[in-house]
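Working notes for the structure below.
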Amino acid sequence: MDEVAEFAEHRPRLFGLAYRMLGEAAEAEDVLQDAYLRWAASGPIEVPAAWLTKVVTNLCLSRLRSARARREKYVGPWLPEPVLTDDGRLGPLETVEQRDSLSFGVLMLLERLTPPERAAFVLREAFGYRHAEIADVLDIDEAHARQLYRRAREHVGEPRRRFTASPAHREEIVLRFIAAAVEGDVAGLEKLLAEDVVAWSDGGGKVTAARRPLVGTSHVARFFCGLAAHPRAAGMDIEIRTVNGAPTVILSEAGALYMVLAFEFTGDRVAALHSVLNPDKLAYAAAHGM
Numbered sequence: 001m002d003e004v005a006e007f008a009e010h011r012p013r014l015f016g017l018a019y020r021m022l023g024e025a026a027e028a029e030d031v032l033q034d035a036y037l038r039w040a041a042s043g044p045i046e047v048p049a050a051w052l053t054k055v056v057t058n059l060c061l062s063r064l065r066s067a068r069a070r071r072e073k074y075v076g077p078w079l080p081e082p083v084l085t086d087d088g089r090l091g092p093l094e095t096v097e098q099r100d101s102l103s104f105g106v107l108m109l110l111e112r113l114t115p116p117e118r119a120a121f122v123l124r125e126a127f128g129y130r131h132a133e134i135a136d137v138l139d140i141d142e143a144h145a146r147q148l149y150r151r152a153r154e155h156v157g158e159p160r161r162r163f164t165a166s167p168a169h170r171e172e173i174v175l176r177f178i179a180a181a182v183e184g185d186v187a188g189l190e191k192l193l194a195e196d197v198v199a200w201s202d203g204g205g206k207v208t209a210a211r212r213p214l215v216g217t218s219h220v221a222r223f224f225c226g227l228a229a230h231p232r233a234a235g236m237d238i239e240i241r242t243v244n245g246a247p248t249v250i251l252s253e254a255g256a257l258y259m260v261l262a263f264e265f266t267g268d269r270v271a272a273l274h275s276v277l278n279p280d281k282l283a284y285a286a287a288h289g290m
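First residue of the sequence shown? That's 1 in UniProt numbering, and the numbers climb one at a time after it.
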C-alpha cells in the first residue's frame with residue numbers, strides 16, 4: 001500500500017480525533033495536512049496508527065494553546081463548528097461514548113480542560129485508549145496519564161445521557177419542535193423542553209445573535225416562536241440532518257447555509273439548543289455537503 005492510500009485509511013479516525021480535540025473542523029483539516037507532510041517525510045513506520053495518533057494529538061495540543069487566547073476574546077458564546085456525521089467523516093460512531101464525545105454539550109464542557117487533560121479525556125472516552133497508551137502518546141508516565149484523565153472527568157462531570165431515546169424518536173421530537181415554533185404554539189413548545197433548558201447562540205459578532213444564553217422553558221419557547229414568526233423565516237428552507245451525532249435542523253436562505261440548530265436530549269425532552277450562525281463557523285459545513 002502506498003503512503004497516500006495508507007494515510008487515507010487512517011484519515012477518518014484521525015479527523016475525528018483532531019476535531020474532538022479542537023472543536024473546529026477547519027483547524028482539524030489543517031492538522032491532518034501537517035500530519036500527512038510529516039508522514040510522507042518520515043520513511044517506514046512500524047506501527048502507523050500509533051505514530052499518526054501521537055503526531056495528530058501533539059499538533060492539536062500546540063494549536064489548543066493559541067486557540068484558548070482567541071476564544072477568550074470571542075464575541076458572545078463560543079460553539080464548536082458543526083460537522084455532518086452521516087457520511088463517516090468522523091470515523092466510527094458505534095458506541096455511546098464515541099457519539100457523546102461529539103455532542104455540542106460535551107465539546108463545550110471540554111473547553112474547561114487544559115490541553116493535556118482534553119487529550120487524555122478524548123483518547124480514553126472516544127477511542128478507548130488504556131492509560132498506558134495515553135501516557136505513550138503524551139510522553140508522560142502512566143500515573144500522570146491517570147491523573148490527567150481523573151481531573152478531566154472531575155471538571156467535565158457526568159454529562160446527561162442524551163441518547164436514551166432512539167434516533168427515530170429524537171427526530172420526531174425535532175419535527176414537533178419545528179411544527180410548534182412555526183405555528184407559534186408556545187405552550188406546545190414548552191412541553192418539549194426540559195425545565196432547565198438552555199439555548200446558546202453563536203454569531204461571533206458577524207451576525208445578530210443573543211450574546212447570553214437563554215434559560216428556562218418560557219424564555220426559550222418564546223424566543224424560538226419569535227424567530228419562526230420573523231418575516232425572513234418564511235423564505236428559508238428547513239432540512240434535518242445528522243450533525244455531531246444527533247438530528248439537527250439546517251436552515252438555508254437562497255441556497256446558502258444560514259443556521260445550524262443542534263439539540264441535546266434528556267429522555268424525551270430537549271435539554272439544550274445550540275444555534276450556530278457565525279458564517280466563519282458554517283464555512284466548513286457548507287463546503288462539505290451541508
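We put the CB at the ideal spot given by N, CA and C, even for glycine.
In this text the structure is predicted, and so the values were computed from the model without any measurement.
Check, Outcome
"Other residues of its chain near leucine 93: CB distance less than 8 Å, five sequence neighbours each side excluded", "Thr85, Arg99, Leu102 and Gly245"
"Length of the line joining the Cα atoms of alanine 233 and aspartate 202", "18 Å"
"Classification of threonine 208 by the beta-carbon crowding that lies within 10 angstroms, buried from 16 upward", "exposed"
"Length at least 4, wholly inside the region 175-201: the alpha helix (DSSP H) runs in chain order", "186-190"
"Nearest-angstrom Cα separation, counted from tyrosine 258 out to tryptophan 78", "17 Å"
"Any 3 or more C-beta pairs closer than 8 Å across the region 120-128 and the region 163-183", "no"
"Delimiting residues of the beta strand (DSSP E) encompassing tyrosine 258", "256-266"
"As assigned by DSSP and simplified to three states, the class of arginine 269", "strand"
"For residue 359, three-class secondary structure by DSSP", "The displayed coordinates of the chain run from 1 to 290. Any statement about residue 359 would go beyond what the structure contains."
"Pairwise C-alpha distance: valine 197 and leucine 52", "40 Å"
"Aspartate 139 at chain D interface by Cβ criterion, 8 Å", "In the structure shown, chain D cannot be found, because there is only a single protein chain."
"Cβ-based burial, glutamate 27 [other Cβ within 10 Å; buried from 16]", "buried"
"Alpha-carbon spacing of phenylalanine 224 relative to alanine 181, whole angstroms", "6 Å"
"Expected contact under 8 Å - CB spacing of valine 270 and valine 243 to nearest Å", "Contact doesn't hold; Cβ gap of about 15 Å is too wide."
"One or two residues paired with glutamate 239 in a DSSP bridge", "Ile250"
"Cβ shell of glutamate 264 (< 8 Å), same chain only, five flanking positions each side left out", "Ser103, Phe104, Gly105, Arg160, Arg162, Ala246, Val270, Ala271, Ala272, Leu273 and His274"
"Three-way DSSP call (helix, strand, coil) for methionine 83 in this model", "Checking the displayed sequence, the identity of residue 83 turns out to be valine instead of methionine. Reduced to three states, the DSSP call for valine 83 is coil."
"For asparagine 58, the first and last residue of its enclosing alpha helix (DSSP H)", "48-72"
"Candidates Ala286, Arg222 and Trp39: closest to serine 252 by CA position", "Ala286"
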